[in-house]
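A quick write-up on the structure given underneath.
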Amino acid sequence: MFWLIFGAVVALVGFIYFNQKKNEDFWKKIMAMPGPKDFPIVGTEYSLDSAEQIFDNERKYHKLYGPIFKRWSFNSAYVSLSNPEDIELLLTNSKHLEKDDSYDFLHTWLGQGLLTNRGKQSYDN
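Residue numbers for the sequence shown follow our numbering, so the first one is 1210 and each next one is one higher.
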């Protein structure tokens, strides 16, 4: 029984270590970006605001931190862009077609369009 538990712990620690090493370059780049102060667990999303307030905050953060900044929501990092050339480069690259679930709240405001649709359906027609 001891060896079973020991093996499970070693496997878990190994999984966490190799997962962190695999994403180390990504995390270094994210941590170097400017952005609002984050708090453990909730990140920068420490208030549940309306959609209008979220967009006002985004505009405020772009004035404070520039055209590219990071924010955190729980354990996920988000990069916010305001430069149209950067946005075009991102949206026209087929590597980045799949949208995250965080885009769902935009559907009521923007509907189903290039920004909010998921995957290949964005480019159909």
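We put the CB at the ideal spot given by N, CA and C, even for glycine.
In the DSSP assignment, the residues bridged to S1285 are S1282. Under DSSP, I1277 forms a beta bridge with L1290. Following the DSSP letters along the chain, one finds I1239 inside the alpha helix (DSSP H) bounded by residues E1233 to A1241. F1264 and W1236 have their C-alpha atoms some 25 Å from each other. Taking C-beta atoms as the reference points, I1277 and M1242 count as a pair closer than 9 Å.
The beta-carbon distance between I1239 and K1279, rounded to whole angstroms, is 6 Å. This is short enough to meet the 8 Å contact definition. Cα atoms of F1215 and I1225: separation of roughly 15 Å, rounded to the nearest angstrom. Sixteen is the threshold: when 16 or more other Cβ atoms of the shown chains lie within 10 Å of the Cβ of T1253, as they do, the residue is buried.
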